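Beneath this line is the structure, given in structure tokens, with notes to follow.
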Amino acid sequence: MTTYGNALTALGDPTRRAIFEHLAERPAAVVDLAALLPVSRPAVSQHLKVLKEAGLVRDAPVGNRRVYSLDPAGLTGLHDYLDRFWNTALHSFKERVEHQHQKEEHTDD
Amino acid sequence: MTEIHTAAVTTSIVVDAPVERAFAVFTEDMAGWWPPEHHIIAAPLADMVLEPRSGGRIYDVGTDGSECQWARVLAYEPPNRFVFSWDISLQWQVETDHAKTSEVEVRFIAEESNRTRVELEHRHLDRHGDGWEAMRDGVGSPDGWGSGLRRFASWVAGSSGSPGGTGVTASAG
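These protein sequence lines are chains Z and A, in that order.
For the first sequence, the positions run 59 to 167 when the numbering used here is used.
For the second sequence, the positions run 812 to 984 when the numbering used here is used.
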């Protein structure tokens with residue numbers, strides 16, 4: 059079972075995001091992804107490992123290749139998205155409202 | 812531990828400000844605090860406008876002058892209560908069928924003269940229809956899956972670097 063924090067960390071890296079987006083288009087093997095991206099096969103493997111540990115991708119043997127695809131179970135839905143969103147938004151709101159307050163207090167001095 | 816997905820998200824925060832100011836900043840200065848990655852408008856965002864009355868609109872304004880209305884004000888009761896609709900579909904498009912939209916209620920509770928508790932409930936998520944529980948339900952759908960995932964990935968990437976990102980927990984947690 060993945061956690062949202064893992065997914066956040068895993069997708070924070072631009073190369074991993076690119077891999078994730080490629081796999082959203084179609085499943086692929088390491089060699090396919092390395093051909094599409096400006097990174098080496100070992101680097102792709104390492105990124106896939108992180109994505110797999112975060113529960114975002116899964117792999118399965120197809121012939122003599124290992125094919126990676128998105129793991130549907132790791133993808134969060136609207137509830138998780140909004141839970142995350144509103145926590146971020148309310149903290150941003152708090153900063154805004156308290157920052158404005160301080161500014162006005164300074165102005166009053 | 813398994814989290815049960817309910818059809819509502821609730822969270823709260825306490826801000827060091829009078830209730831009137833908290834309400835005013837929340838409703839009149841949305842562009843000042845709304846997470847910048849989370850806009851449905853296609854053009855770069857210039858402003859967010861809220862018409863301060865029940866029945867008013869909430870819309871994004873693009874730098875090219877385009878407008879995108881994504882919410883309706885359902886209740887506007889300063890300084891204590893504000894309710895608006897969430898007219899955004901699971902495919903990240905404006906939802907024109909109001910029966911398929913959720914709603915957000917925000918309550919502002921004065922704890923002290925300069926301290927306000929803000930309680931937020933985003934409810935009726937199930938009204939968005941099949942698939943609200945998990946994006947995985949979109950795997951088999953040819954429409955929206957790719958763009959939804961790209962939105963998801965870019966949102967996640969955008970959020971991970973923001974202050975208070977991964978350490979934030981919901982009040983219910």
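Here a beta-carbon is modelled for each residue, glycine too, at the ideal position from N, C-alpha and C.
If you're wondering where the values come from, they're calculated on a predicted model, not measured in any experiment.
Check: Coarse secondary structure for isoleucine 77 of chain Z, derived from DSSP in three states; Outcome: helix
Check: Within chain Z, the residues that alanine 882 of chain A reaches when beta carbons sit closer than 9 Å; Outcome: None at all; the shortest Cβ gap to chain Z is about 14 Å.
Check: Extent of the continuous beta strand (DSSP E) to which serine 103 of chain Z belongs; Outcome: Premise fails: serine 103 of chain Z lies in the alpha helix (DSSP H), 99-111, not in any beta strand (DSSP E).
Check: Where the beta strand (DSSP E) through threonine 838 of chain A begins and ends; Outcome: Segment 830-839 is the alpha helix (DSSP H) holding threonine 838 of chain A; no beta strand (DSSP E) there.
Check: Per-residue contacts from alanine 921 of chain A into chain Z (C-beta, under 8 Å); Outcome: Simply none; closest approach about 14 Å.
Check: When A:Phe919, A:Leu901 and A:Cys879 are compared against aspartate 138 of chain Z, the one with the closest alpha-carbon; Outcome: A:Leu901
Check: Straight-line gap, proline 846 of chain A to leucine 856 of chain A (C-alpha atoms, nearest Å); Outcome: 12 Å
Check: Contact with chain Z by alanine 985 of chain A, beta-carbon distance below 8 Å; Outcome: Because chain A here runs from 812 to 984, residue 985 of chain A falls outside it and cannot be looked at.
Check: Of the listed residues A:Thr874, A:Phe834 and A:Ala853, nearest to leucine 861 of chain A (C-alpha basis); Outcome: A:Phe834
Check: CA-to-CA distance, valine 89 of chain Z to lysine 110 of chain Z, given in whole angstroms; Outcome: 17 Å
Check: Buried versus exposed, by CB contacts within 10 Å (16 or more), valine 120 of chain Z; Outcome: exposed
Check: Closer than 8 Å to chain A by CB, valine 155 of chain Z; Outcome: yes
Check: For glutamate 156 of chain Z, three-class secondary structure by DSSP; Outcome: helix
Check: Reference leucine 114 of chain Z; option with closest CA among Z:Pro100, Z:Asp141, Z:Glu156 and Z:Asp129; Outcome: Z:Asp129
Check: Residues near asparagine 891 of chain A in its chain [Cβ-Cβ closer than 6 Å; skip 5 each side]; Outcome: Phe919
Check: Extent of the continuous alpha helix (DSSP H) run through alanine 92 of chain Z; Outcome: 88-94
Check: Coarse secondary structure for threonine 817 of chain A, derived from DSSP in three states; Outcome: coil
Check: Cα-Cα separation between valine 155 of chain Z and arginine 123 of chain Z, rounded to whole angstroms; Outcome: 55 Å
Check: Cβ-based neighbour list, alanine 118 of chain Z, same chain, cut-off 8 Å, excluding 5 preceding and 5 following; Outcome: Arg124, Val125 and Ser127
Check: Within-8 Å CB hit, leucine 136 of chain Z to chain A; Outcome: yes
Check: Nearest-angstrom beta carbon gap, glutamate 916 of chain A and histidine 935 of chain A [assumed within contact, 8 Å]; Outcome: Not a contact, Cβ separation roughly 10 Å.
Check: Test: aspartate 171 of chain Z CB closer than 8 Å to a CB of chain A; Outcome: With chain Z covering only 59 through 167, there is no way to say anything about residue 171 of chain Z.
Check: Cβ-based burial, methionine 59 of chain Z [other Cβ within 10 Å; buried from 16]; Outcome: Because the pLDDT of methionine 59 of chain Z is 29, which lies under 50, any placement of that residue in the model is unreliable, and the question is left without a value.
Check: Proline 935 of chain A in three-state terms, based on DSSP; Outcome: The sequence given here places histidine at residue 935 of chain A; proline does not occur at that position. Here histidine 935 of chain A sits in coil by DSSP.
Check: Residues bridged to glutamate 888 of chain A [DSSP beta-bridge criterion]; Outcome: A:Arg892
Check: Backbone secondary structure at alanine 789 of chain A - three-state DSSP; Outcome: The first residue shown for chain A is 812 and the last is 984, placing residue 789 of chain A beyond what the model contains.
Check: Nearest-angstrom Cα separation, counted from phenylalanine 78 of chain Z out to glutamate 831 of chain A; Outcome: 45 Å
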